[in-house]
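Q:
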Amino acid sequence: MPELRGTVGGPVVTEWFGTQDLYKLDVYKQKGGYAALRKAMVDMKPVDITNEVKTSGLRGRGGAGFATGTKWGFINRDMPGPKYVVVNADESEPGTSKDRYIIENSPHMVLEGIMIAAYAVGANQAWVYIRGEYDEPYRMLTEAIAEARAAGYLGPKPMGIDFPLDIRLYRGHGAYICGEETALLESLEGKRAQPRSRPPFPAVKGAWGRPTLLNNVETLATVPWIVNHGGSEYAKRGTEKSPGTRLMSVSGNVKKPGVYEVELGQTFRHVIMELGGGPPDGRNVKVFWPGGSSAPVLPESMLDTHTDMEALAAARSMGGSGGVIVMDDSHCIIRAAHRLLKFYAHESCGKCTPCRVGGDWAVRTYERILANEGSQVELDILQRVSDALQNGRCLCGLGDSAGWVIDSTIRHFRSEYEDHALRHECNVGAVTALA
Amino acid sequence: MTVLSEHILEEIRDLPSKFPQPRSAVMPALDLAQEELGHLTPEAMTEVAHELQLDPGYVEGVATFYTLFHLAPTGKHRFYVCTNLSCMLRGADDVVARLKSEIGVHEPGEVSKDGLFSYEEVECLGACEYAPMCRVDHAYHYDLTPDSIARLVAERRNGGSAVAAPKKARAPRKRKADA
Ligand SMILES: Cc1cc2nc3c(=O)[nH]c(=O)nc-3n(C[C@H](O)[C@H](O)[C@H](O)COP(=O)(O)O)c2cc1C
Ligand code: SF4
Ligand code: FES
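Keeping their order, the protein sequence lines are chains A and B.
Sequential numbering from 3 applies to the first sequence in this note's numbering.
Sequential numbering from 7 applies to the second sequence in this note's numbering.
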């Protein structure tokens, strides 16, 4: 693994990071690993575990921020027949690298969280859906699973309890939409990854038609700490409605890009200027994406926005995937928006018309503007496409996300759009014509 | 005579029983086929379909959905260069330009004359703190510059199979042991 870029020894998830060879089972155990699994299986009843997670207030770190304990409670533990835990390790949201960071630093922490969750909801089998490009994380998880099997944590009687546990890996094949939970399930079942309509929710009818708990890697990696220290201890951190910490991957035009564990409620000024080291010398922050490319942008004037979900909602954005992309004032907002729209157009699964058609329309419109062929017509088209993509007109969040890129960049940088489209000028002096 | 060798077909036949429902085997099976042939030919997809008792059209429909399946020949070393926002902001375009000139191709997917190289411009690979970055021969390379990508090409041109061979065989074997 290359040099760690980010938090070493942070408050919760990264507490042990930086420890030499933490990825090995014996080192992880020495630090206190698998004590939470023992406590959960030996000293606690499944319902107590779920209640502890409820008390912690932990909210999903995959994007939507749904209350984790509540989600666990949706699974009917007593229903006969197979139930599954499916772990979302598809991590494809532009600007997001924290799940890779967690797996590469501490694969056993992820496994321990999965096992605790599986025991709590009564699932004997877990599947980790990991994006196909993650060769190193895949290898590390494979080896960690083998170690956990040899140690008896996975197998017929983990911790001496009559509750067989197994974890398998399933590799993705390069499609952003597989991060969306129902598309992920389709893919796991060997199909094209097109989102399902809900209800039924995965808790009732998920993988292979069975009750399924679906959580993000970071969400589950937080669980051992909560079991060890108690939900109320976790809830002391962060804000009342967004308790705890989260990992933020800070990238783009900063001096110290890296993955940082941040207590929720800190400001983005702290995250970007202190942790991330601020923009290169002689440059200013122009804009940032506070939660992956899908989170509506915030301009430099909003650096003091707090990182909790409520503050972000009030700022008309969201915490999303925790990926903070920073762009400095040497870059053009139209080019950035164009690049992201190309991404959303490319990744649309094609199921709904506004998303399938709208993405390509937006890309072509941006290209006309960047080729100095823009006019009021182009600005109107962008606004119309953006409206068509939002507010439940699409089956899944990908459509909204594409709309938010257009909408939020226009909202905060209207004059730059007008310079480009109406006056054929770029105020950052970048080459406007597409190469 | 099949295009896939008998031991690959046998591995493919073993896959369905490892999943709660057999259909889940389709992508791992396509992986095995692609690993052997370099890309997925219509004949290979038909053989996969046959072994899994699926419709060939269905298998092809799955293969075309996912970008890591290649339906046309690729270079022996495939560069997947991230050009998404975080990498773009740190010079991914210059890295791509240099890569193209080093391997002598004009567009993504084009195979170099010696058959050794091709490249794809890909979406975020989840290593944005090391931008710009790429994946080649099942490994990530970080903090790229035009010069460092030229070095990656040169190492593979000179070392040839030494760089690629061990890693190529690695993925499916691990997968089999795990599944
Ligand atoms: C287009 C799209 C892409 C997504 N990508 C991811 C992803 O890569 N990883 C992830 O954990 N969640 C992703 N999500 C969110 C998941 O659908 C789901 O909410 C999440 O995995 C649930 O886990 P959590 O409750 O632990 O956050 C995505 C959602 C959408 C709409
Ligand atoms: S919004 Fe886009 S990606 Fe989502 S289901 Fe519809 S077409 Fe597919
Ligand atoms: S944007 Fe290039 S790795 Fe994320």
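Beta carbons are placed, not taken as given, at the ideal position from N, Cα and C, and that holds for glycine.
In or out: Glu17 (chain A) buried (at least 16 other Cβ within 10 Å) or exposed?
A: It counts as buried.
Q: So what does DSSP say about His340 (chain A), is it helix, strand or coil?
A: In this structure, His340 (chain A) counts as helix in the three-state DSSP scheme.
Q: Does the beta-carbon of Asp283 (chain A) have 16 or more other beta-carbons within 10 angstroms, so that it is buried, or is it exposed?
A: Looking at its Cβ environment, which holds fewer than 16 other Cβ atoms inside 10 Å, Asp283 (chain A) is exposed.
Q: Taking Cβ-Cβ distances below 9 angstroms as the criterion, which residues of the segment 194-222 of chain A are in contact with chain C?
A: As a matter of chain content, chain C is missing from the structure shown, whose protein chains are A and B.
Q: Mind listing the chain B neighbours of Ser253 (chain A)? Cutoff is C-beta to C-beta under 7 angstroms, in chain order.
A: Those are Ser92, Cys134, Glu135, Ala137, listed as they occur along chain B.
Q: Please classify Trp74 (chain A): does DSSP put it in a helix, a strand, or coil?
A: Three-state result, Trp74 (chain A): helix.
Q: Can you tell me whether Ala373 (chain A) is buried or exposed, with buried defined as 16 or more other CB within 10 angstroms of its CB?
A: Exposed.
Q: Out of B:Leu46, B:Glu17, B:Leu95, which one is the CA nearest neighbour of Glu57 (chain B)?
A: The shortest Cα separation from Glu57 (chain B) among B:Leu46, B:Glu17, B:Leu95 belongs to B:Glu17.
Q: Taking Cβ-Cβ distances shorter than 8 angstroms, what residues in chain A pair up with Thr73 (chain B)?
A: Here the neighbours are His175, Gly176, Ala177.
Q: Check the Cβ-Cβ distances between Gly81 (chain B) and every residue of chain A, and say whether any is below 9 angstroms.
A: Answer no: the Cβ-Cβ gap between Gly81 (chain B) and chain A never drops below 9 angstroms.
Q: In this structure, does DSSP put Arg173 (chain A) in helix, strand or coil?
A: Correct three-state label for Arg173 (chain A): strand.
Q: Ile147 (chain A): buried (16+ other C-beta within 10 angstroms of its C-beta) or exposed?
A: Result: buried.
Q: Which stretch, first to last residue, makes up the alpha helix (DSSP H) that contains Gly405 (chain A)?
A: 399-414 is the extent of the alpha helix (DSSP H) around Gly405 (chain A).
Q: Return yes when at least one heavy atom of ligand 1 lies under 8 angstroms from the C-beta of Val44 (chain A), else no.
A: No.
Q: Roughly how many angstroms lie between the CA atoms of Leu187 (chain A) and Pro62 (chain B), to the nearest whole one?
A: If I take the Cα positions, the gap works out to 22 angstroms.
Q: Taking only runs of the alpha helix (DSSP H) that begin and end inside the segment 89-166 of chain B, which ones reach a length of at least 4 residues, in chain order?
A: With a minimum length of 4 residues, the continuous alpha helix (DSSP H) runs that stay inside the segment 89-166 of chain B are 91-94, 98-109, 152-165.
Q: For the putative contact between Ser295 (chain A) and Pro96 (chain A), defined by C-beta atoms under 8 angstroms, what is the C-beta separation to the nearest angstrom?
A: 4 angstroms between Cβ atoms; contact.
Q: Do Gly134 (chain A) and Pro48 (chain A) have their beta-carbon atoms positioned less than 9 angstroms apart in this structure?
A: No, they are not a contact pair.
Q: By the three-class DSSP mapping on this structure, what secondary structure does Leu266 (chain A) have?
A: Of the three classes helix, strand and coil, the one that applies to Leu266 (chain A) here is coil, per DSSP.
Q: Check each residue of the segment 46-75 of chain B: if its Cβ is closer than 8 angstroms to any Cβ of chain A, include it; give the result in chain order.
A: Answer in chain order: Gly67, Val68, Phe71, Tyr72, Thr73, Leu74, Phe75.
Q: Taking DSSP's pairing of strands, which residues face Leu216 (chain A) in a bridge?
A: Beta-bridge pairing links Leu216 (chain A) to A:Val88.
Q: Please compile the residues from chain A whose C-beta is within a distance smaller than 9 angstroms of the C-beta of Val142 (chain B).
A: Within 9 angstroms Cβ-Cβ: nothing; Val142 (chain B) doesn't reach chain A, min ~11 angstroms.
Q: Pick helix, strand or coil for Leu300 (chain A), following the three-state DSSP scheme.
A: In the structure shown, Leu300 (chain A) sits in a strand (DSSP, three-state: E or B).
Q: DSSP state of Thr247 (chain A), grouped into three classes?
A: Thr247 (chain A): strand per DSSP, three-state reduction.
Q: If I measure Cβ to Cβ from Val387 (chain A) and keep anything under 6 angstroms in the same chain, skipping five residues before and after, which residues do I get?
A: Counting only Cβ-Cβ distances below 6 angstroms, and skipping sequence neighbours, we find Gly360, Trp363, Ala364.
Q: Just how far apart, CA to CA, sit Leu400 (chain A) and Asp45 (chain A)?
A: Distance between the alpha carbons of Leu400 (chain A) and Asp45 (chain A): 42 angstroms.
Q: List the endpoints of the continuous beta strand (DSSP E) containing Gln127 (chain A).
A: Segment 127-132, the beta strand (DSSP E) holding Gln127 (chain A).
Q: Please confirm if Leu342 (chain A) has its CB atom under 9 angstroms from at least one CB of chain B.
A: Yes, Leu342 (chain A) lies at the interface with chain B (some Cβ there is under 9 angstroms from its Cβ).
Q: I want to verify the contact list: residues of chain A whose CB lies under 8 angstroms from the CB of Leu131 (chain B), in sequence order.
A: Near Leu131 (chain B) (Cβ distances below 8 angstroms), the residues of chain A are Glu135.
Q: Given 8 angstroms as the limit, tell me if Cys180 (chain A) has its C-beta closer than that to any heavy atom belonging to ligand 2.
A: No, the beta carbon of Cys180 (chain A) sits no closer than 8 angstroms to any heavy atom of ligand 2.
Q: Nearest chain B C-beta to Trp291 (chain A) closer than 9 angstroms, yes or no?
A: Taking Cβ atoms only, chain B reaches closer than 9 angstroms to Trp291 (chain A), which makes this a yes.
Q: How is Tyr178 (chain A) classed by DSSP in three states: helix, strand or coil?
A: If DSSP states are grouped into helix, strand and coil, Tyr178 (chain A) belongs with the helices.
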